[in-house]
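To start, the structure under review is shown below, and the notes come after it.
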Amino acid sequence: MVADRFPSPFDVETPPGAEGWESMYDWYHLFGPERRELDEGRFWFADRLHHPDVLHPYDEIQCECWWQALGAFNTRIFAMPPAFGVDQRIVNGRLYVTPVAAPAEDVAARAEEFGKRAGHYYERWDAIYAEWKEKVTAKLEEIRALRFEPLPALEPESTVFDHVGHSAGFRMIRDFDRLVLTMYETYQYHFELLNIGYAAYLTFFAMCRQAFPDISDQSISRMVGGLRVELYRPDDELKRLAKEAQRLGLVDRLSGTEDAATLFAALRSDKAGAEWVADWERTADPWFLINTDPGHPGGYHTYPTWADQPDIPLASVREYLRRLEAGESIDRPTDEVLAERDRITAGYRELLPEDDRATFDDTVGLARQVFAFIEEHVLYIEHWMWATFWAKSHELSRALAAMGEVDEPEDMFFLRRYEVAEAIYDCVAAWSVGSRPRGADHLRPLIARRKEIYTALRAWEPPPALGPPPTQIDEPFTVMLWGITTSTVAEWLRSDAEDGTLRGTAGSPGVVEGPVRVVTHPSELPDVQPGDVLVCPATSPAWAPVFARVAATVSDVGGIMSHTAIVCREYGMPAVVGTGNAVATLRTGQRVRVDGDNGVVTVLEPA
Amino acid sequence: MSDTWVVDLADPAAADVAAVGGKGAGLHRLVALGARVPAGFVVTTDAFRAALPATGDVEAPLRELAPDAPIDQVERAAAQARARLLRAVAAGPVLDAVRAAYDDLAGGISRVAVRSSAVGEDAAGASYAGEHDTYLEIRGRDAVADAVCRCWASLYTARAVSYRAHGGLSADAMAVVVQEMVPARAAGVFMTLNPANGDRSTVVCEAVWGLGEPLVSGEVTPDRFVIDKISGEVVRREVAHKERRLVRRDDIPGTHEVDVPDADRDRPCLDDAELAELLDVARRVERAAGVPQDGEFALAEPGGPARVHLLQTRPETVWSTRAPRAATPTDGTGAGPRTALSAVLATLTRGATTPAHTHEGTPDHGG
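Residue numbers (UniProt numbering), protein chains in the order written: chain F, 1 to 607; chain U, 1 to 367.
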């Protein structure tokens, strides 16, 4: 059956056992009666691309960062003509969002402002981007320099003899503020270039589609890609380490299956092995500061980096080594990619009317400039900044646990960031006075209850959207950023569960059958068996080793330019992406048919 | 001169339209481009004229016709002209040269197509489409010589006579193309643009199992492929259910319709390597011609990696006359965007006219 609207956000029921979940999140992030009239008429969709799982109270900061920064840059700074910001609400621990359109009557005036403001950036893009890297790297160094340790029984002598003038307790309060504010500031920079960059990239796509209705997204991307040197660097480092292992005669010793800790300990026993391990450790900072979240990296405190879990990059090194030993080349053919990029660009250009070519040239030039940022900023912000922010947060949580403010480090993440600031003050005050914090005694029942709520919320299957769907989704950023279109939403409204069929976007062609393997966390990747159909919220480049094993991939989120779709096309295996609810619907072991030509997944037998 | 009577399609002399006619010159151009074209030769206009002088005045019956003569009189006069011509050319060194050339072509055992190639045909403005004769599946030296004579005689069918009278054209001389027939495993047509939307970055191809006639005449639904000219990707692949195919058999002349084996019915009749080869040759043909082309092709039975044979190509006539699609919206004044910024503004203010499927970019808003 086909419904005409999604449930009202005000009719969504609290899952059993999750009563009181609202206390886990900031009040301004919730639906409330005061905004009912506004919010009930809006179309909200679950932002599973960036926040596929239940949010921990502490991790709410991640949403706040982009809620404010994206909005300010679109709405107030660059006057993006058709689009204001993207509003957010949390329901049962999940993030729902709705893009806010600029009023139609304002678009012309905003376009004039945008021309001046974004035009300034476009004209100086490379120089501004170079400054940008310096700004962000400086912020990264700032938060790397922060230290969160249990407060000392007696201040070090340097506090006195260097005339520091403040206490370790004060510094803990200050540094937590700095940690949060620095991350927040970096998010301003993130959107300083991102959406005006997307606007230029989107324009190039639109131009190509106008002239060449049949052109594929990949062809358009290939005309602007190929420049993203830094984004490839982590993978290039893995390749280099594979070659080093070969040079040092370590091939046999790396060809086993033992975990990284065991292997590295064994390697350290001789000179060549120790040299390689030392190389690995030097490389790990910063190149293995790579978050492993499925889909958008850096969104949660719970996912390890490559550096935290070296088994993940080690699997890639072993695969590269195997290919090297088989005589294959593992180098990325950069020159060929660039030559091919120039060849196809010239090819399409030649097919345009002559008086159109100057615009094409100017636009492809700008699209290439902005695309380098679009690709590379992920390394700076989503990987380096967020990995460091979460690592420092973990450092703080360990200090607080050591001081008895919370029972165990993970408890801190069940507090909102404002509550963490309160806990730090409680802890610091008691330390300063030589008294006892209210701390864990006060927080214990609250955190215990929130852990129950968190578990209950995870069992809840969020509807893909809330409220009345728009008749047409044409707001360019919604289409581009989330891959959500009029037809996606129509699919969501279809009730497919009964006939055992899931629909999504045809991400990579081909049809195969196989057993489902649901993977929601990179720690489950070793369970994947050859021939499995990988079913996941989304994939990330950090998951690379698994693609050589699976027969097909089905993801909850993503369009045809998502990581999953791109990788599956490279590996020549079918993919259906953006199904919305494959992870919730399919069970490990179920046999399914994945039709990557038509974007359909059919359940062949019940679990 | 007997050495100018028969010219191989690959011979540079076959570039001369006055000698080999429109069809012959077109096929020579394809050969010269390196396209695979079924082997063959042209019986030139020189040969036609050499065969003719002894015969006397072939056209005399036609000259006696009144300009507004009724159709039955035209028919009668045309038949007399054809009879005169066939009597006149029946013997002599020219036809011996044709027989010898046929013997040289695959040892004289191949089946050939014998096609008229008038000097003015396939040129802009006068296609002569279907006005002259074509004979398929001809085998044997005498049968070929006979078919050549009948092609010559088709200069004087009533419809050709009327066509010329209507256009003020004279009969001039007729060349004849004799070409091996490809025992097609699959065959089809292609266009170097998408006729549905004028997209010049694509080659659209339709194909069926077996010979191409049922496709050309619209009797069957073919497989349809849209190939990106620049990237080489097959961007769309619509595979039809194909139950019957037209084939030729070695034991009986002519063509026969037979069932497609079950396993092949829902399988694309061209694979990626064949589509890549077709794309390559289509691009070369278009580039050499300077305007979009359409054409017919056949795939020989497997035997090598390369097996796309071009049967003919022509300028595409509908979209070619218009300007290519523009990348920027035009308001009719020719004052579209010029800079990237103006293009960005045009895109961002187009609002509701942005197609929903415009594209999906790298999904990332920042989180």
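Backbone N, C-alpha and C define an ideal beta-carbon position, used for all residues, glycine too. Computed from a predicted model, the values in this text were never measured in an experiment.
May I have the straight-line CA-CA distance separating residue i from residue j, to the nearest angstrom?
i, j, result
"F/E336", "F/G347", "16 Å"
"F/P522", "F/A307", "14 Å"
"U/A18", "U/T44", "9 Å"
"residue 616 of chain F", "F/V592", "What is shown of chain F runs 1 to 607, which leaves residue 616 of chain F out entirely."
"U/D94", "U/Q312", "The sequence as given places Val at residue 94 of chain U; Asp does not occur at that position. Near 27 Å, if we compare the C-alpha coordinates of U/Q312 and U/V94."
"F/T203", "U/V344", "5 Å"
"F/H190", "F/Q590", "41 Å"
"U/A39", "U/G107", "12 Å"
"F/G531", "F/E513", "9 Å"
"U/A10", "U/L62", "37 Å"
"U/G212", "F/P574", "33 Å"
"F/R357", "F/T137", "38 Å"
"F/V364", "U/R267", "39 Å"
"F/N291", "F/G115", "36 Å"
"F/V479", "F/T159", "55 Å"
"F/D293", "F/C63", "15 Å"
"F/V277", "F/F264", "6 Å"
"F/A551", "F/I566", "15 Å"
Counting along the chain, where does the beta strand (DSSP E) carrying residue i start and finish?
i, result
"F/Y96", "94-101"
"F/R517", "511-518"
"F/F73", "Careful: F/F73 lies outside any beta strand (DSSP E) and carries neither H nor E."
"F/T501", "501-503"
"U/M191", "184-191"
"U/P315", "308-315"
"U/Y135", "134-138"
"F/L534", "533-536"
"F/S555", "552-555"
According to DSSP, is residue i helix, strand or coil?
i, result
"F/F45", "strand"
"F/N581", "coil"
"F/T283", "helix"
"F/W21", "helix"
"U/V203", "strand"
"U/W152", "helix"
"F/G483", "coil"
"U/V281", "helix"
"U/R265", "helix"
"U/E219", "coil"
"F/T257", "coil"
"U/A88", "helix"
"U/A126", "Low local confidence applies: a pLDDT of 41 at U/A126 is under 50, so the model's placement there is unreliable, with the coordinate-based value given in what follows. U/A126 falls in the strand class under three-state DSSP."
Based on the DSSP secondary-structure assignment, which residues constitute the bridge partners of residue i?
i, result
"U/F41", "U/D8, U/V178"
"U/G295", "U/F190, U/T313"
"U/I71", "Beta-bridge pairing links U/I71 to no other residue."
"F/Q88", "F/V97"
"U/F225", "U/C205, U/R237"
"U/E257", "U/L246"
Please list the terminal residues of the continuous alpha helix (DSSP H) segment that includes residue i.
i, result
"U/L62", "60-63"
"F/I344", "334-350"
"F/S393", "386-402"
"U/V247", "Premise fails: U/V247 lies in the beta strand (DSSP E), 244-248, not in any alpha helix (DSSP H)."
"F/F204", "168-211"
"U/V31", "17-32"
"U/R115", "Segment 112-118 is the beta strand (DSSP E) holding U/R115; no alpha helix (DSSP H) there."
Output, in chain order, the set of chain C residues within a Cβ distance shorter than 7 Å of residue i.
i, result
"F/F360", "Absent here is chain C; the protein component of the structure consists of chains F and U."
Decide yes or no for the touch test of the stretch 579-592 of chain F against the stretch 524-537 of chain F: beta carbon pairs closer than 8 Å, at least 3 of them.
-> yes
Indicate whether the contact test is met: 3 or more Cβ pairs, each with one atom in the stretch 65-75 of chain U and one in the stretch 13-29 of chain U, closer than 8 Å.
-> No: fewer than three Cβ pairs fall under 8 Å.
Tell me, please, whether the stretch 499-517 of chain F touches the stretch 595-603 of chain F by the rule of three or more beta-carbon pairs shorter than 8 Å.
-> yes
On the three-pair Cβ rule with 8 Å, is the stretch 32-43 of chain F touching the stretch 378-398 of chain F?
-> no
Could you tell me whether the stretch 320-335 of chain F touches the stretch 233-248 of chain F, where touching means 3 or more Cβ pairs closer than 8 Å?
-> yes
Between the stretch 94-104 of chain F and the stretch 40-51 of chain F, do at least 3 Cβ pairs fall closer than 8 Å?
-> yes
At a cut of 8 Å, does the stretch 203-210 of chain U reach the stretch 171-189 of chain U through at least three beta carbon pairs?
-> Under the Cβ criterion (8 Å, minimum of three pairs), the stretch 203-210 of chain U counts as touching the stretch 171-189 of chain U.
Are the stretch 247-260 of chain U and the stretch 277-289 of chain U in contact at 8 Å, needing three or more beta carbon pairs?
-> no
Evaluate the contact criterion for the stretch 97-104 of chain U versus the stretch 136-143 of chain U: three or more CB pairs, one atom per stretch, below 8 Å.
-> yes
The stretch 401-411 of chain F contacting the stretch 158-178 of chain F, beta-carbon criterion three pairs below 8 Å | no
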